[in-house]
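Student: Residue numbers (the numbering used here), protein chains in the order written: chain P, 9 to 295; chain X, 3 to 450.
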Amino acid sequence: MMRIFRLSHRLRDPRYYQIAVLGTLLCCGVFALDIGVRWQNAATIAVSALGMQLLFTRRLRLPHFDPLSPLITSLSLTLLLRTDTALLAACAAALAIGSKFLVRYRGKHVFNPANVAIVLTMLASDHVWVSSGQWGSTAISALALSCLGLLVLTRAKRAETTVAFLLVFAAMLFVRAAWLGDPLTIPLHQLQNGALLIFAFFMISDPKTTPDSAMGRALFATLVAGVAYVIQFVYYVPNGPILALIIVAPTVPLIDAWLRGRRYQWMPAKTRSHQTRANHPVSGVYR
Amino acid sequence: MRLLITLLATALTVVIATSAEAFCGFYVARADTSLFNRASQVVMVRDDDRTVITMANDFDGDVSDFAVVVPVPTFIEREQINVGDRNIIQHLDAYTAPRLVEYHDTDPCARYDWRLHRELDGAAVPATSDEMRKAARARGVTIEASYTVGEYDILILSASQSAGLIRWLDENEYRIPPGAERVIGSYLKQDMRFFVAKVNIDEQSKLGFQYLRPLQVAYESRKFMLPIRLGTLNANGKQELYVYALTRTGRVETTNYRTVKIPSNTELPEFVQHEFADFYRAMFNRQVQNEKERAVFLEYAWDIGWCDPCAADPLSNQELRQLGVFWLDEQGGTNLRRIAPQPAQNVFVTRLHLRYDAEHFPEDLMLQETGDRQNYQGRYVIRHPWKGKASCDTSVYDAGVRERQEREAQQLANLTGWDIDNIRKKIPFAGGRGPESNKEPWWKRIWG
Chain P
9 MMRIFRLSHR
19 LRDPRYYQIA
29 VLGTLLCCGV
39 FALDIGVRWQ
49 NAATIAVSAL
59 GMQLLFTRRL
69 RLPHFDPLSP
79 LITSLSLTLL
89 LRTDTALLAA
99 CAAALAIGSK
109 FLVRYRGKHV
119 FNPANVAIVL
129 TMLASDHVWV
139 SSGQWGSTAI
149 SALALSCLGL
159 LVLTRAKRAE
169 TTVAFLLVFA
179 AMLFVRAAWL
189 GDPLTIPLHQ
199 LQNGALLIFA
209 FFMISDPKTT
219 PDSAMGRALF
229 ATLVAGVAYV
239 IQFVYYVPNG
249 PILALIIVAP
259 TVPLIDAWLR
269 GRRYQWMPAK
279 TRSHQTRANH
289 PVSGVYR
Chain X
3 MRLLITLLAT
13 ALTVVIATSA
23 EAFCGFYVAR
33 ADTSLFNRAS
43 QVVMVRDDDR
53 TVITMANDFD
63 GDVSDFAVVV
73 PVPTFIEREQ
83 INVGDRNIIQ
93 HLDAYTAPRL
103 VEYHDTDPCA
113 RYDWRLHREL
123 DGAAVPATSD
133 EMRKAARARG
143 VTIEASYTVG
153 EYDILILSAS
163 QSAGLIRWLD
173 ENEYRIPPGA
183 ERVIGSYLKQ
193 DMRFFVAKVN
203 IDEQSKLGFQ
213 YLRPLQVAYE
223 SRKFMLPIRL
233 GTLNANGKQE
243 LYVYALTRTG
253 RVETTNYRTV
263 KIPSNTELPE
273 FVQHEFADFY
283 RAMFNRQVQN
293 EKERAVFLEY
303 AWDIGWCDPC
313 AADPLSNQEL
323 RQLGVFWLDE
333 QGGTNLRRIA
343 PQPAQNVFVT
353 RLHLRYDAEH
363 FPEDLMLQET
373 GDRQNYQGRY
383 VIRHPWKGKA
393 SCDTSVYDAG
403 VRERQEREAQ
413 QLANLTGWDI
423 DNIRKKIPFA
433 GGRGPESNKE
443 PWWKRIWG
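1) In the DSSP assignment, what residue or residues form a beta bridge with X/VAL403?
2) Around the C-beta of P/THR91, are 16 or more other C-beta atoms found within 10 angstroms, so that it is buried, or is it exposed?
3) Under three-state DSSP, which class holds P/VAL118?
4) What does X/ASP305 pair with, by DSSP beta-bridge criteria?
5) Taking only beta carbons into account, state which residues of the stretch 66 to 81 of chain P come closer than 8 Å to chain B, listed in chain order.
6) CB-CB under 7 Å to X/THR418, same chain, minus the five flanking residues each way: which ones, in chain order?
7) Taking the C-alpha atoms as reference points, what is the distance between X/THR249 and X/PHE350?
8) In the stretch 33 to 65 of chain X, which residues sit with their C-beta less than 7 Å from some C-beta in chain P, listed in chain order?
9) By DSSP, does X/ALA41 sit in helix, in strand, or in coil?
10) Would you verify that the beta carbon of X/GLU365 is, or is not, closer than 7 Å to some beta carbon of chain P?
11) With which residues is X/ASP49 paired in a DSSP beta bridge?
12) Give a yes or no on whether 7 Å exceeds the smallest Cβ distance from X/TYR149 to chain P.
13) Within the 7 Å Cβ cut-off, does P/ILE3 reach chain X?
14) In the DSSP assignment, what are the bridge partners of X/PHE299?
15) For X/ARG184, collect the residues of the same chain with a Cβ closer than 7 Å to its Cβ; drop the 5 residues on either side in sequence, then sort them by chain order.
16) Let me know the secondary structure DSSP gives X/THR418 once reduced to three states.
17) Looking at the C-beta of X/ARG283, does it have a partner C-beta in chain P at a distance below 7 Å?
18) Assuming X/PRO110 and X/TRP388 form a contact by the criterion Cβ under 8 Å, report the distance between their Cβ atoms to the nearest whole angstrom.
19) Count the other C-beta atoms from every protein chain shown that fall within 10 angstroms of the C-beta of P/PRO121, then say buried if there are 16 or more, exposed otherwise.
20) Report the option in X/ASN174, X/GLY166, X/SER148 whose CA atom is closest to the CA atom of X/ALA140.
21) Using only alpha-carbon positions, find the residue among X/ASP95, X/GLY86, X/ILE83, X/GLU81 that is nearest to X/SER36.
22) Please report the distance separating the alpha-carbon of X/TRP116 from that of X/PHE38.
23) Is there at least one Cβ from chain X nearer than 7 Å to P/LEU188's Cβ?
24) Taking X/GLY307 as the reference, give the member of X/LEU300, X/PRO316, X/TYR189 with the closest Cα.
25) Return no unless some Cβ of chain X is closer than 7 Å to the Cβ of P/TRP137.
26) Span of the alpha helix (DSSP H) holding X/ASN84?
27) Rounded to whole angstroms, what is the Cα-Cα separation between X/ASP30 and X/THR268?
28) Measure the C-alpha to C-alpha separation of X/GLN241 and X/LYS294 and round it to an integer number of angstroms.
29) Taking 8 Å as the cut-off, does the stretch 254 to 265 of chain X touch the stretch 361 to 374 of chain X (at least 3 CB pairs, one atom from each stretch)?
30) Is the distance from the Cβ of X/ILE158 to the Cβ of X/GLU146 below 7 Å?
31) Are at least three pairs of beta-carbons, each pair with one atom in the stretch 93 to 104 of chain P and one in the stretch 49 to 57 of chain P, less than 8 Å apart?
32) Is the CB of P/PRO246 under 7 Å away from at least one CB in chain X?
33) Strictly below 7 Å CB to CB, what residues from chain P border X/ASP374?
34) Mind checking whether X/TYR105 and X/ARG385 have CB atoms under 7 Å apart?
35) Report the three-state DSSP secondary structure of X/THR451 (helix, strand or coil).
36) Start and end of the alpha helix (DSSP H) containing X/ALA279?
Have a look at this one:
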């Protein structure tokens, strides 16, 4: 009975849902859409991310090895990052997990792990890229992705980042179309982009790297949308949102200092009390 | 005057079935751009922010009726426009075209297992008058430059208002399709420029060409894109477009549409050899429908130094340079190379094929270069069963061949949507029996 109780509490951790949804997306991408994922890269990324997590868990003497966050990072990386070199895939995963432990401010990591890994490897090598168009743009697939993503968000109860980002970005696309005199099909087509939705639902929404207050998150998402627009439609560089997130991420401590809020924890308080790591001075924040 | 407002299309190429021996089978035929009507071809050479575009021209009317409007992402000068060589584009088309290869079964009575060999595949004359300039200025249109390049009179235009530009084009006998004002207005606000070209009859007769040569433009811009929106305004319905991208690093793909690999390495019935064009058209149509008419298809991605099997020789360094590949080493020498991989020249070719209209391709094609240097080609295989005299009982071999022939029939039906019974009728099944004779239990064939 106690076991069932613990299990049901454990499942409140939204990361299980994130893993399930990202895993489903990956399966759809590989088997139905052929998005160009190489299984060697997927395996390398997972091994490298879990290995790094284990390394830091030992080095920092954390009480508990947590495989969930590195798994989510691995899935995000597998979905978005493309490379023809397995070594670069391994480097990206190591960078992602490494940044989480090493680049921190006031107990929070600054950059979204998958985001920082994609941008740094992309800048460092011609052999890394993001295939943003590979998801296609049919309304149906967009809708499916949105619904699945929303499920995760409602579990995480922090939907405002995604909603604000999508609203502001969409508004700018529609205003641009109106200014250019373009038909509405153009901004709609631009929004029905699988990579944009994966970014909105699974990357920018990361509660560990967004501001603590709801107001702060909305402000942060607006900033990301604005910078993404400038990158993509003023400077004509692809992958605007992904680049914008890494540029805007350092403003999170400033926003937190200005708009205070409650720090996010993955697990509900009751569940954490069952585990000794809750008493550890650095537990939780490394995930 | 008739206006060809879209990117230009090329002359038809002739399918010449030369055969070349190669590891990946014997080359039999290719599916080049002549298979499709209204096919435009564009070669894009791209590295960093530098782009050289070559637009093939298949205009076959009276040359005095020819006029074209080309949007370019930035201002261009006389030296940035050139007239290219049509033959090079035809060569590039032939080199990158989807191909049919054939294998012959060896004698089944020879002392080794033929099945071992089943998996072989690796799978400056001013062209404007002062009056023209004045009239243009009155419309808010500035003729920034005018040149005669080869057989073309070219004007580079900038305008403050699309309405003025449209009126000016109209007055100068460029017939504009309805809806163009909106698109031109959008391009103007995005700081795009236009150049317009007509044929200079005197120059053309002096040069002596019987056809119009492709126009080339070199420019520097962050935008790696191909404007297709004006092309969608033509009332001719869906259009075919081939983009050959020549890059230094790797394969090119679209960032705002799906880039899908065309099915490849499929074994097909022998009769496809004589119907390869029909097969490829039917298969392409079906793939377009499967992707709901919204995908760009990858037909070829290969290091341009070699090929296997070759549908045509790789392009020489001189040809590549004429297409605008500006990073080629001058010492590179000639390269009529085939089959075996050669030291890389750092030129990677991507052949993209799309069928577009305004409904399914509302936005211009946005492109990106990836780091992917994996070779890919549309390659189809036919296997001829052993037709020599048999010195042993071939019933087991025949049953295997029938199984293979049935599988090939099903694959062909799946790819093209053709009726399976019609396909079966065209297949000479081994041993003179139909595929149904294979329905006997498998164990009956083990020991003969």
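Even glycine gets a Cβ: it sits at the ideal position worked out from N, Cα and C.
Since we're looking at a predicted model, the values are computed, not measured.
Tutor: Based on what the coordinates show:
1) Stepping through the second sequence from its first residue, residue 403 of chain X is reached at position 401. Answer is none; X/VAL403 lacks a bridge partner.
2) Residue 91 of chain P sits at position 83 when you count from the first residue of the first sequence. Buried: at least 16 other Cβ atoms inside 10 Å.
3) Taking the first residue of the first sequence as 1, we reach residue 118 of chain P at position 110. Reduced to three states, the DSSP call for P/VAL118 is coil.
4) What you label residue 305 of chain X is simply residue 303 of the second sequence in a count that begins at 1. Answer is X/PHE350, bridged to X/ASP305.
5) Note that chain B does not occur in the displayed structure, where the protein chains are P and X.
6) Counting from one through the second sequence, the residue named residue 418 of chain X turns up at place 416. Counting only Cβ-Cβ distances below 7 Å, and skipping sequence neighbours, we find PHE281, ALA284, MET285, ARG288.
7) Working through the second sequence from its first residue, we reach residue 249 of chain X at position 247. Working through the second sequence from its first residue, we reach residue 350 of chain X at position 348. C-alpha separation (whole angstroms): 5 Å.
8) none
9) Along the second sequence, read from residue 1 onward, the residue named residue 41 of chain X stands at position 39. Strand.
10) The sequence position of residue 365 of chain X within the second sequence is 363, counting from 1. Chain P, which has a Cβ nearer than 7 Å to the Cβ of X/GLU365, makes this yes.
11) Along the second sequence, one-based indexing puts residue 49 of chain X at 47. Note: X/ASP49 sits in a beta bridge opposite X/ARG52.
12) Your numbering for residue 149 of chain X matches position 147 in the second sequence. It does not: the Cβ of X/TYR149 has no partner Cβ on chain P nearer than 7 Å.
13) With chain P covering only 9 through 295, there is no way to say anything about residue 3 of chain P.
14) Sequence index remark: in the second sequence, residue 299 of chain X carries index 297 (1-based). The partner list for X/PHE299 (beta bridge, DSSP) reads X/VAL262, X/HIS355.
15) Your numbering for residue 184 of chain X matches position 182 in the second sequence. Taken in chain order, the list of residues that qualify is empty.
16) Locating residue 418 of chain X in the second sequence gives position 416, where the first residue counts as 1. Helix at X/THR418.
17) For the purposes of this step, residue 283 of chain X is taken as the residue at position 281 of the second sequence. No - not a single Cβ of chain P is within 7 Å of the one on X/ARG283.
18) If you number the second sequence from 1, residue 110 of chain X lands on position 108. If you number the second sequence from 1, residue 388 of chain X lands on position 386. The Cβ separation is near 5 Å, so the contact holds.
19) On the first sequence, position 113 is the one that residue 121 of chain P refers to. Buried, since its Cβ has 16 or more Cβ neighbours within 10 Å.
20) As a first step, residue 140 of chain X is located in the second sequence; it is residue number 138 there, counting from the start. Out of X/ASN174, X/GLY166, X/SER148, X/GLY166 has the C-alpha closest to the C-alpha of X/ALA140.
21) As a working note, residue 36 of chain X is residue 34 in the second sequence. Nearest option by C-alpha distance: X/ASP95.
22) As a working mapping, residue 116 of chain X is identified with position 114 in the second sequence. As a working mapping, residue 38 of chain X is identified with position 36 in the second sequence. Confidence in X/TRP116 is poor, its pLDDT being 38 and thus under 50, which makes the residue's placement unreliable; the coordinate value appears in the next sentence. So the alpha carbons of these two residues sit roughly 39 Å apart.
23) Indexing the first sequence from 1 puts residue 188 of chain P at position 180. So, interface residue.
24) For the purposes of this step, residue 307 of chain X is taken as the residue at position 305 of the second sequence. The candidate whose alpha carbon is nearest that of X/GLY307 is X/PRO316.
25) Residue numbering aside, residue 137 of chain P sits at position 129 when the first sequence is read from its first letter. With 7 Å as the cut-off, P/TRP137 counts as an interface residue toward chain X.
26) Start at 1 with the first residue of the second sequence, and residue 84 of chain X comes out as number 82. Premise fails: X/ASN84 lies in the beta strand (DSSP E), 83 to 85, not in any alpha helix (DSSP H).
27) In the second sequence, residue 30 of chain X corresponds to position 28, counting from 1. In the second sequence, residue 268 of chain X corresponds to position 266, counting from 1. Note on residue identity: the sequence assigns Val, not Asp, to residue 30 of chain X. Near 15 Å, if we compare the C-alpha coordinates of X/THR268 and X/VAL30.
28) Working through the second sequence from its first residue, we reach residue 241 of chain X at position 239. Working through the second sequence from its first residue, we reach residue 294 of chain X at position 292. Distance between the alpha carbons of X/GLN241 and X/LYS294 is about 15 Å.
29) yes
30) On the second sequence, residue 158 of chain X is found 156 positions in, with the first residue counted as 1. On the second sequence, residue 146 of chain X is found 144 positions in, with the first residue counted as 1. Yes.
31) yes
32) As a working mapping, residue 246 of chain P is identified with position 238 in the first sequence. Yes, P/PRO246 lies at the interface with chain X (some Cβ there is under 7 Å from its Cβ).
33) For this step, residue 374 of chain X is matched to residue 372 along the second sequence. Under the 7 Å cutoff, chain P gives ASP92.
34) The residue labelled residue 105 of chain X in the question sits at position 103 within the second sequence. The residue labelled residue 385 of chain X in the question sits at position 383 within the second sequence. Against a cut-off of 7 Å, the Cβ pair of X/ARG385 and X/TYR105 comes out as a contact.
35) The structure shown has nothing for residue 451 of chain X, since chain X only spans 3 to 450.
36) Residue mapping note: residue 279 of chain X aligns to position 277 of the second sequence, counting from 1. Looking at the DSSP string, the run of the alpha helix (DSSP H) that includes X/ALA279 is 278 to 292.
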